[in-house]
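Data first, discussion second: the structure below is written as structure tokens.
2 protein chains.
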Amino acid sequence: MEVDIGNALGSVATPGVSRGSLERLDERVADAHERIEAGIGDREHGYAALALPETADPDAIRAAVDPIDCDTLLVVGIGGSALGAATIADALDLDIDVHTLDNVDPDHTRTLLDSLDLSRTALHVVSRSGTTAETLANFLVAREAMESAGVDWTERTLVTTGEEGNLRGLAERHDLPALDVPAGVPGRFSALSTVALPVAALGGGDVEGLLAGAGAEAEGLTGSLFESPAYAYGATTYALAQRGWRVNAMMPYAESLETFAEWFAQLWAESLGKEGVGQLPARALGATDQHSQLQLYRAGPRDAMVSLVRPRERGDVSIPETDLEGLSYLGGSSLGELLDAEFEATEASLAAAGRPNVRVEIDRVDAHELGGLLYGMEAACVLAGELYLVPTFTQPAVEWGKRAARGLLGGGEFEEAAAVEEKERLVVD
Amino acid sequence: MEVDIGNALGSVATPGVSRGSLERLDERVADAHERIEAGIGDREHGYAALALPETADPDAIRAAVDPIDCDTLLVVGIGGSALGAATIADALDLDIDVHTLDNVDPDHTRTLLDSLDLSRTALHVVSRSGTTAETLANFLVAREAMESAGVDWTERTLVTTGEEGNLRGLAERHDLPALDVPAGVPGRFSALSTVALPVAALGGGDVEGLLAGAGAEAEGLTGSLFESPAYAYGATTYALAQRGWRVNAMMPYAESLETFAEWFAQLWAESLGKEGVGQLPARALGATDQHSQLQLYRAGPRDAMVSLVRPRERGDVSIPETDLEGLSYLGGSSLGELLDAEFEATEASLAAAGRPNVRVEIDRVDAHELGGLLYGMEAACVLAGELYLVPTFTQPAVEWGKRAARGLLGGGEFEEAAAVEEKERLVVD
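If you read the sequences in order, they're chains G and X. Under my numbering, think of the first position of the first sequence as 1, with each following residue one higher. Under my numbering, think of the first position of the second sequence as 1001, with each following residue one higher.
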């Protein structure tokens, strides 16, 4: 990926980052890079994710999916166990349909299961612990649906899980293909692993290309933000957040990258949002959200920077000539030219209002470039975590609610469940 | 809808809103209500949207769609011309498939058009001016695709537009069914009008129910936030924003309301985000985003309040009994019970961390309740606009970019297009 931080500079944004500040920040980047390199080398928890271009094993993934014959894949997971697969499926042109069960909305689960030909559907159940409530509940429901339809679920279920636990035991009992969640790789950093790559392998996607693209991005990680696109992104967004730009609107100009923005939102929020710091990721889509969010980004509170992402090449569609009044300028042009004009116009519009924005470009939306984009954003996030001085790879604030929910459902005694009962109320109806 | 602002109070949130402050704010609400009532009565620009439960004409909408026979509806519009229809289509159980062309991504437009049986597809083209570049470009492309497929587009195209302009002229020349965009109703406030109700009418949805639900919400607008759920929402979110909670994460616990959160995001951002004020709407989805955004909402910067929306009733799916270790508490429960437990746990988890949140409940996701929810949020937004002292019904910051894009495409001389060429660059690759 290529990153252009020109519109984050103090000559454009108010407040922006001066070149002098960037140079001083680059010293911290160099220190952080040493820490990151060491962590990668030692396969330390979290940092190990940045070693995946080397450590992931495409052959093992292909071998695991090989026995499975399907037209549709249903990924059963939540958070990092679903978003990587969904991102890859929506970006690449796979030859299977892919759906995710990453919520426990009964209407949705029922409607989705009813709509599928289960005899041609595979399940990929993903949970490191094997006890994630949402994932296991959905698996139990999906398995029962297959049984009711007379489909042998053991022939079409793949599992990615830890070395021990429920799902591991299940796989052993039923001789299911099972992949290991790689050691030291948190869910939100697992897109380039056994967690999300099976969707590409099953769908005829270029698994090696994804890893090669990630590897090329890894090669580019030097100790300077002026040389490493990933670090340029991580350091600049950090510097902007310090200057009050505490929202980061991730706005790809490609429908196929809409889910990438969701994946990014988890990566950014859960890794950096702790101890009172971090940057809130807002998910947007160009050009659509120019008619929705742009008014606020340009003229609302001075707290939202915008990340504009685009592929340099894409397919195109000509706009037919027309005699409709005032529209002749469109005829003979193309949807792609219109989209590019809107991208540049939005970028300039934000800059003209002194609102910082960062341009991220990839050559095209294919496996190689997507791999690079995912890896680059992960490296950017790890760098940002070093700069913010937060524990990037934990998510402690999620645990309280999990205990409360479990207690409410009778899964044990938890004081958090009692707190739910004491809710303060001021009801207006 | 019912609104519970208990968790926004100072006894829970830090900082929160004291009851005394709410009482003083209620005096401003009373004044704003008088202004709003007058605006509705006089059908003033913008305020006229809140008269739609009375002024919309379901029979005219039914008559317009009556000649059209289709299995699939393709809504061609952008921003407020698409989001209302998409929200209704995703929330209600319609008997047609609905897609939107609300972007100009060529790959997406081509893939979508190629996937449809155009001989069974209707177009609903929506643009007040008849010159919206994205909408007209997509219409020209879709029309050509129909012609290439030997399909008579004039038999299956419905138009909603202003009294004059391109689309009006087109409708007259080809004798297309055409509906008027109601006077004084901005796009983002047009869900309950000829802009979005045709999708319900075509799909066998309960148009009258949508309007009746909105009407019931309108009846409930009194001069006090303690009596009007819509005003409780608008006033409380305003008071929270004044106290630093400048992000409003809209988090419905229902997949069918995911698009509602997008609709809300446009309403909130474009109406209130101006003159340096407003509140950034972040789109979230429960329970999924508990595994993505919740860490940041609970432990990141103290600037994000959360709006938790749920239907009180829904269909349900039992979770099969299981002998999987540690999961027996799930067996015999249901997905709906799990989802409700997670809703309450998330709410309590945020409260325990002093993070304000507001609960919005509707009886169920049906036409009546959806109509009430849409109307309620519109009224909340209009009230908030009065409190922020902003021009709620304009979107001036969007115009700069439109001129720049038009200039870039050769649609006239605009100085904004020249500014695009002068972009500051600092490229890292």
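Ideal Cβ placement from N, Cα and C applies to all residues, glycine included.
- Judged by DSSP in its simplified three-state form, R1314/X adopts coil rather than helix or strand.
- For D1363/X, the three-state secondary structure derived from DSSP is coil.
- A Cβ-Cβ distance of about 18 angstroms is found for the pair G1010/X and V1003/X, leaving them out of contact under the 8 angstroms criterion.
- Given a length threshold of 4 residues, each whole run of the alpha helix (DSSP H) inside the segment 65–143 of chain G is given here in chain order: 80–91, 106–115.
- One thing to note: H108/G has its Cβ no nearer than 8 angstroms to the Cβ of V75/G.
- Among the residues facing chain X, H291/G is included, as its CB has a counterpart in that chain under 8 angstroms away.
- For V1277/X, the chain G residues whose C-beta falls within less than 8 angstroms of its own C-beta are G300, P301, listed in chain order.
- Setting aside the 5 residues that flank it on each side, L1197/X is surrounded in the same chain by I1061, V1207, each with a C-beta closer than 6 angstroms to its C-beta; the list follows chain order.
- A145/G places its beta carbon 8 angstroms or farther from that of L101/G.
- Counting of Cβ neighbours within 10 angstroms places G1020/X among the exposed residues, the total staying below 16.
- Nearest CB-CB separation between W400/G and chain X: below the 8 angstroms threshold.
- Residue contact with chain X for Y375/G: absent (no Cβ-Cβ distance below 8 angstroms to any residue of chain X).
- DSSP, read as helix, strand or coil, puts P252/G in strand.
- Any Cβ of chain X closer than 8 angstroms to the Cβ of D102/G would place that residue at the interface, and such an atom is present.
- The beta carbons of A1265/X and P1281/X sit closer together than 8 angstroms.
- Within the same chain, Cβ atoms closer than 7 angstroms to the Cβ of V1277/X are found at Y1388, V1390, the five residues on either side in sequence being excluded.
- Of all residues in the segment 1101–1124 of chain X, those with a C-beta nearer than 8 angstroms to a C-beta of chain G are D1102, N1103, V1104, D1105, P1106, D1107, H1108, T1109, R1110, reading in chain order.
- Each of G1326/X, Q1242/X, E1219/X, L1202/X was checked against the Cα of P1356/X, and the nearest Cα belongs to Q1242/X.
- When CB distances to chain G are screened at a threshold of 7 angstroms, not a single residue of the segment 1027–1049 of chain X falls below it.
- R1425/X sits in coil when the DSSP states are folded into three classes, being neither helix nor strand.
- In this structure T1259/X touches A1086/X by the C-beta definition: roughly 5 angstroms separates them, less than 8 angstroms.
- Assignment of beta-bridge partners to D4/G by DSSP yields R359/G, V1427/X.
- Residue pairing by DSSP places A348/G in no beta bridge whatsoever.
- Under the 10 Å beta carbon count, T14/G is surrounded by fewer than 16 other beta carbons and is classified as exposed.
- Residues R128, S129, G130, R168, D180, V181 of the same chain have their beta carbon placed closer than 8 angstroms to that of G162/G, with the five preceding and five following residues left out of the count.
- Around S228/G, the beta-carbon contacts reaching into chain X at under 8 angstroms are V1428.
- For S115/G, the closest C-alpha among the options A341/G, A149/G, L176/G is that of A149/G.
- Pairing G41/G with G184/G gives a Cβ-Cβ distance that is not under 8 angstroms.
- Within the same chain, and ignoring the five residues on either side of E1262/X in sequence, the residues whose Cβ sits closer than 7 angstroms to its Cβ are L1083, R1283.
- Interface annotation for the segment 1162–1193 of chain X against chain G: G1165, N1166, L1167, G1169, L1170, G1187, R1188, criterion Cβ-Cβ distance under 9 angstroms.
- From the beta-carbon of E1270/X, the residues of chain G found nearer than 9 angstroms are H291, S292, Q293, L294, Q295, L296.
- Distance from I1078/X to T1135/X at the Cβ level is roughly 6 angstroms; contact confirmed, criterion being Cβ atoms closer than 8 angstroms.
- Two segments are said to touch when three or more pairs of C-beta atoms, one from each, lie closer than 8 angstroms; by this definition the segment 231–239 of chain G touches the segment 358–365 of chain G.
- The three-state reading of DSSP puts P1198/X in helix, counting H, G and I together.
- In this structure, T55/G is the residue among E23/G, T55/G, E386/G, E416/G with its C-alpha nearest to the C-alpha of S193/G.
- Every unbroken stretch of the beta strand (DSSP E) spanning 3 or more residues and falling wholly within the segment 233–278 of chain G is given here in chain order: 247–252.
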